[in-house]
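With the numbering used here applied, the sequence shown has no gaps in its numbers, which climb one by one up to 451 at the end. Working notes, beginning with the structure itself.
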Amino acid sequence: NGLTNNLWSQCLVIKSESQKIIDNIDVITVENEKASVFVHASIFKAMALGTLIQFFESVPIKTMVNAPFNSRAEVLDETIATLKATEPYLTNANGFTGLVTGIKYKNTVNALLARYYLMSGKFTEALQYANLVDLTSKSTFNYDAVSNNPIAFNSILTNNVYQPLDKTFGLPSGLEPTNADNRIDFYITAGSNPTTAAGFFNSNTKAIPVFLPGEILLIKAEAYARQTPNMLTEAKIELDKVLTKIAANDAFGIGANLPAYSGTMDQPSILTEIYRNRCIELYMSGLKFEDSRRFNRPTTERNRNWYPYPDSEKFNNTNTPADPAN
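Laid out in structure tokens, this is it:
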């Protein structure tokens, strides 16, 4: 309950505070500042809602006493609409002194639209926005000695809260990374026994990416593979960009450095390879739970399909649904 309550309450607070900024944006009269603050708040609102709906079956969109719960489709629609509403502001949203740095607004909005359109099953739109993302530009949540990287501070560096169990990246036999996959040594400290996490999570001051270039390539691959009719040749091209990518050619230094895909050219096989690479390329990004359901992976590969609602909501909102059966 502690885990679900933290995830639930923090995301709802971020969504609520972001909405207050959006609702009062006209208080700002300097165009660059107004545009930057509006887009900044919209990104955080969208990510709060988008995160919640990855873990919970339904979520309240409105902030009110006994807020009604909205369906997954409604929450994803609101997430996408929040990001789409930033488009008139993106030209002038260049940031300014005093605003948190690290997030490239236009690129981030396009990347998140690609992510949430994919989750919504709108593959044409996912491709459209993925194609607008500059893969050489980095957007990050930045940390320092005062504001620590929360994953490193709360979990990884304490050693007694969380560490990777092994080098399989949580994948079953047959899908785990091969020994030649260079991403193993990016995300797992080389030579560590027991294994310890590296990547973006082994220092209190390391930045965490808002999205990775590899995610965008794999969104394209999946969207092509799921088109009707599917476009498997195009899907393989994008998948191969991830498999053959070397660290020096990735904005964040992530590279598998493997041969191109040589497996069966049918939709199930291509989708399985895309899922496998999402789990490795996007390790510890928080997207795997969503991916596991979307790719119809066996339920034995996850401990449940949806999280139960935290007691804090059940005790204070009579509209809280019953916990999901599994």
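We treat Cβ as the ideally placed atom computed from N, Cα and C, and that holds for glycine.
T358 and S387 have their C-alpha atoms some 12 Å from each other. For a cut-off of 8 Å, the C-beta gap from I333 to T265 is around 6 Å, short enough to register as a contact. Counting only the Cα atoms, F325 lies some 33 Å from P449.
Inter-residue distance for G175 and Q135 is about 13 Å (C-alpha atoms, whole angstroms). The C-beta of M172 has 16 or more other C-beta atoms within 10 Å across all chains shown, which makes the residue buried.
Distance between E142 and K170, taken at the CA atoms: about 8 Å. Linking T226 to I186 through their CA atoms gives a straight-line distance of about 28 Å. For L215, the closest of G246, G223, V162 by C-alpha to C-alpha distance is V162. For F294, the closest C-alpha among the options D310, Q253, F377, L237 is that of D310. Three or more beta-carbon pairs separated by less than 8 Å link the segment 366-381 to the segment 301-318, which places the two stretches in contact.
In this chain, the alpha helix (DSSP H) harbouring S143 covers 127-148. Sixteen is the threshold: when 16 or more other Cβ atoms of the shown chains lie within 10 Å of the Cβ of N235, as they do, the residue is buried.
Contact check for I205 against Y242 passes: the beta carbons are separated by less than 8 Å.
In terms of CA proximity to I146, H165 leads the group T154, A447, T425, H165. For N232, the uninterrupted alpha helix (DSSP H) run begins and ends at 230-244, by DSSP. Only residues of its own chain outside the window of five on either side were considered, and among them none has a CB closer than 6 Å to the CB of L412. With fewer than 16 other Cβ atoms inside 10 Å of its own Cβ, S272 counts as exposed.
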